[in-house]
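Visitor: My questions will all concern the structure given below.
Residue numbers (the numbering used here): 260 to 726.
Put into structure tokens, the structure is as follows:
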């Protein structure tokens, strides 16, 4: 069988096997002018003729060579009556000198999306091959990729409103070049493709030939393994999605539920939680750090993730929040003021101070609709009317039950929310009361006739607010 027949047969097989193209689909072919994209354009045009358009992106990174490639693509399409369009994007200026490859990729896909909308195409055909796939798998494996990365290049994937398809994904580079030779196709050659200082080129020119000495059909075998891994990944991903939906997981999930999950599911749920905050992916080393955080289970324990995201344990839950949001939710706010008779509102808690036995039912009842009574204390009048409520300070302690207790140790088992809002009540001698513990011994033992009741409420809303 000729190379031309082989490539056409494998393209038809991929289109049918992976359901790449439906009846009536208009197809936009990404056309760089290289051998792979030139063969792809010819194959797609021969199979779908007038439904195919070519699109070229000049990244303006290679000077005259890039301009020559653009002109080649335009003339190639003109000679074959294939609709052609293209854009020029100054990627160097767009990237501000850093992350040029990522900037180029993002700009390229944005341009492809825009062109699809303009010509009403539904599919974006790209020229990745089985040879590109094995290079990708080896590259990902060397970086410690997960199951998802070891699948290699997917035959199709969603791209915004459209779908990226790869009709040549079963063809080898040798077959592509054979097709071009048999059909006398000219194409552009990027000089950087032979530079083995680039990791992918090193894999292509140094590693793959050695692997093919072991198995000449290595590309096909890796593609077959990728299909099996994709099947397994799909099953695990569906199970993780089921857990996420059932437990209404966004950026927060219970620690116990997470620890009970199989590690394969837990990592995907955690990836979802992190992604809801910043839309990014985590690397394997980050999952290991989060597993250690979960194992500690300590309230207030936290670690920083990429993109200024904080993973924190609070109230038996693991949460991902932006660093600025962490400060709003968990850091203490400094305050100090006299405790007034009646009802007083603060950020996250309220107080009701009145004489013991006085009618306060309506007040407490109305508060309990929005807050819960966490503690109460009975305090002699002389102390009650001179109390100050304020933020805790470092190193504070007080005596109750005949023992000196540090506030830090008393709150060690509390949530970050509690540590943030839990106040202390003081007189001139120091701390009188830290809810929900007992009041200071000398105040507790005071035998004054008039006693006041101090009720401490905490609000339950997630944002610690109240009306």
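Even for Gly, the Cβ is constructed at its ideal location relative to N, Cα and C.
The structure displayed is predicted, hence computed values, not measured ones.
Could you please give me the residues that DSSP links to residue 684 through a beta bridge?
Guide: 648, 692
Visitor: What does DSSP give as the partner residues of residue 418 in its beta bridges?
Guide: 421
Visitor: Using CA atoms only, rank isn't needed, just tell me which of 407, 530, 569 is closest to residue 492.
Guide: 407
Visitor: In this structure, what does DSSP give as the bridge partners for residue 317?
Guide: Listed as beta-bridge partners of residue 317 by DSSP are 347.
Visitor: Judging by CA-CA distance, which residue of 456, 308, 372 is the nearest neighbour of residue 341?
Guide: 308
Visitor: According to DSSP, is residue 385 helix, strand or coil?
Guide: coil
Visitor: Sorry if obvious, but does the Cβ on residue 612 come closer than 7 Å to a heavy atom of the ligand MN?
Guide: Here there are no bound small molecules, and the ligand MN is not part of this structure.
Visitor: Give the straight-line distance between the Cα atoms of residue 293 and residue 367, rounded to the nearest whole angstrom.
Guide: Spanning the two alpha carbons is a distance of roughly 16 Å.
Visitor: Quick one: what's residue 563 bridged to in DSSP?
Guide: 569
Visitor: By DSSP's criteria, residue 612 is part of a beta bridge. Which residues make up the other side?
Guide: 601, 713
Visitor: Whose C-beta lies closer than 6 Å to the C-beta of residue 541 among residues of the same chain, with five residues either side of it excluded?
Guide: 530, 533
Visitor: Is the distance from the Cβ of residue 269 to the Cβ of residue 429 below 8 Å?
Guide: yes
Visitor: Check whether the Cβ atoms of residue 478 and residue 392 sit closer than 8 Å, and answer yes or no.
Guide: yes
Visitor: How is the alpha helix (DSSP H) around residue 546 delimited, first residue to last?
Guide: 543-555
Visitor: Please return the same chain residues whose Cβ sits closer than 8 Å to the Cβ of residue 595, not counting the five positions on each side in sequence.
Guide: 647, 648, 649, 650
Visitor: Spatial neighbours of residue 688 within its chain, please: CB distance less than 6 Å, with the 5 preceding and 5 following residues excluded, ordered by chain position.
Guide: none
Visitor: Among residues of its own chain, excluding the 5 on either side of residue 517, which ones have a beta-carbon nearer than 8 Å to its beta-carbon?
Guide: 525, 528, 529, 553, 577
Visitor: Looking only at C-alpha atoms, which of 703, 680, 709, 701 sits nearest to residue 716?
Guide: The closest CA to that of residue 716, considering only 703, 680, 709, 701, is found on 680.
Visitor: Assign residue 521 to buried or exposed, taking buried as 16 or more other Cβ atoms, counted over all protein chains shown, within 10 Å of its Cβ.
Guide: Exposed, because fewer than 16 other Cβ atoms sit within 10 Å of the Cβ of residue 521.
Visitor: Assign residue 659 to one of three DSSP states: helix, strand, or coil.
Guide: strand
Visitor: Going by the beta-carbon positions, is the gap between residue 431 and residue 395 smaller than 8 Å?
Guide: no
Visitor: To the nearest angstrom, how far is the alpha carbon of residue 472 from that of residue 582?
Guide: One C-alpha to the other measures close to 51 Å.
Visitor: Could I get the ranges of all uninterrupted alpha helix (DSSP H) runs contained in the stretch 454-523, with 4 residues as the minimum, in chain order?
Guide: 458-461, 467-473, 477-505, 514-519
Visitor: Exposed or buried, what is residue 722 when buried is set at 16 or more other beta-carbons lying within 10 Å of its beta-carbon?
Guide: Because the pLDDT at residue 722 is just 41, under 50, the model does not fix this residue reliably, and the point stays unresolved.
Visitor: Taking the continuous alpha helix (DSSP H) assigned at residue 331, which residues delimit it?
Guide: 323-338
Visitor: Looking at the unbroken beta strand (DSSP E) that takes in residue 577, where does it start and where does it end?
Guide: 576-581 is the extent of the beta strand (DSSP E) around residue 577.
Visitor: Per DSSP, what kind of secondary structure is residue 296 in: helix, strand or coil?
Guide: helix
Visitor: Considering only the alpha carbon of each residue, which of 654, 603, 571, 297 lies closest to residue 585?
Guide: 571
Visitor: What did DSSP end up calling residue 278 once you bin it into helix, strand or coil?
Guide: coil
Visitor: Find the nearest neighbour of residue 514 within the set 641, 543, 498, 551, judged by alpha-carbon distance.
Guide: 551
Visitor: State the DSSP-derived secondary structure class of residue 666, mapped to helix, strand or coil.
Guide: helix
Visitor: With DSSP as the reference, identify every bridge partner of residue 639, one or two as the case may be.
Guide: In the DSSP assignment, residue 639 forms a beta bridge with 710.
Visitor: In whole angstroms, give me the CA-to-CA distance for residue 354 and residue 519.
Guide: 43 Å
Visitor: Use the C-beta contact count for residue 730: other C-beta atoms within 10 angstroms, 16 or more gives buried, fewer gives exposed.
Guide: Because the chain here runs from 260 to 726, residue 730 falls outside it and cannot be looked at.
Visitor: Taking residue 565 as the reference, which of 658, 710, 548, 375 has the closest Cα?
Guide: 548
Visitor: Go ahead and pull the three-state DSSP assignment for residue 697.
Guide: Three-state result, residue 697: coil.
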